[in-house]
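A.B. asks:
Residue numbers (our numbering): 111 to 348.
What follows is the structure in structure tokens.
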């Protein structure tokens, strides 16, 4: 099969609250240690989209469910890259853009495969690929705004909530620096049209390392800002 070349879809759509699948689970498989789908993997994508389109599953509120690529919370960089690739292939195969997700609450697949299943559409999160920073810098990557626009595909002012979390590596170990990184990423969101009231910023310093390292160790993967977009939870009526 000819490989399609184009701008990679960077945002990953994530579902917070899972539930019982309403269609047969499938697994999309990749060549070992790569993001390239196997021939069976491409076939699985086509079958999943065809089955999803024929059933048009809906949740208990009558809202459409989503076709989700499942990855674990502890997903590796390869897992996430594979999920991006599978998401892109699902879209190219005709899956509705607003009904395709990557579920980061899933189980780890077997071997070089990731599960695909239909999940109820509730409390949706869309998540970009992480912004990475140079050592000691709080300047957001120049090319991020291009991919960041995908976060606004289904942005609803007052209903969507952008969670912006800043981090450093253990060489920096600086909460203030992680906050400045998060604040600058938030300013990029505002330039794209997001309201300040719809943004929440948190700074974590060198906590929650993507790649655990000893103290005082420079590590590019840990110098980052994560952005998630979730629908606001319903207000409690006490």
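Think of the CB as a built atom: it goes at the ideal place given N, C-alpha and C, for glycine as much as any other residue.
Quick check on residue 169: does DSSP put it in helix, strand or coil?
C.D. replies: Along the chain shown, read from residue 1 onward, the residue named residue 169 stands at position 59. At residue 169 the pLDDT is 47, less than 50, meaning the model places this residue with poor confidence and gives no usable figure here.
A.B. asks: Determine the extent of the alpha helix (DSSP H) in which residue 258 is found, giving its start and end residues.
C.D. replies: Position 148 of the chain shown, counted from the first residue, corresponds to residue 258. Its alpha helix (DSSP H) spans residues 254–258.
A.B. asks: Work out the CA separation of residue 267 and residue 300 for me, nearest whole Å.
C.D. replies: Along the chain shown, read from residue 1 onward, the residue named residue 300 stands at position 190. Along the chain shown, read from residue 1 onward, the residue named residue 267 stands at position 157. Spanning the two alpha carbons is a distance of roughly 12 Å.
A.B. asks: Leaving aside the five residues before and after residue 302 along the sequence, list all residues of the same chain whose C-beta is less than 8 Å from its C-beta, in chain order.
C.D. replies: On the chain shown, residue 302 is found 192 positions in, with the first residue counted as 1. So the list reads 255, 258, 259, 261 and 262, once near-sequence residues are dropped.
A.B. asks: Any idea if residue 249 is buried or exposed, counting beta-carbon neighbours within 10 angstroms, 16 or more meaning buried?
C.D. replies: Against the chain shown, residue 249 aligns to sequence position 139. It is exposed - the Cβ of residue 249 has fewer than 16 other Cβ atoms within 10 Å.
A.B. asks: Below 7 Å CB to CB, which residues in the same chain sit around residue 275 once its five sequence neighbours on both sides are set aside?
C.D. replies: Counting from one through the chain shown, the residue named residue 275 turns up at place 165. 292, 312, 314, 335 and 336, listed in sequence order.
A.B. asks: Taking all protein chains shown into account, decide if residue 342 is buried (16 or more other Cβ within 10 angstroms of its Cβ) or exposed.
C.D. replies: Locating residue 342 in the chain shown gives position 232, counting from the first residue. Exposed, because fewer than 16 other Cβ atoms sit within 10 Å of the Cβ of residue 342.
A.B. asks: Could you check where the beta strand (DSSP E) with residue 275 kicks off and where it finishes?
C.D. replies: On the chain shown, residue 275 is found 165 positions in, with the first residue counted as 1. Taken as a continuous stretch (DSSP letters only), the beta strand (DSSP E) holding residue 275 covers 270–276.
A.B. asks: Assuming the contact rule is C-beta atoms closer than 8 Å, residue 180 and residue 225 should be a hit. Round their C-beta distance to whole Å, please.
C.D. replies: Position 70 of the chain shown holds residue 180. Position 115 of the chain shown holds residue 225. Contact holds; Cβ gap of about 4 Å.
A.B. asks: Any idea if residue 272 is buried or exposed, counting beta-carbon neighbours within 10 angstroms, 16 or more meaning buried?
C.D. replies: Position 162 of the chain shown, counted from the first residue, corresponds to residue 272. Its Cβ being crowded by 16 or more others within 10 Å, residue 272 is buried.
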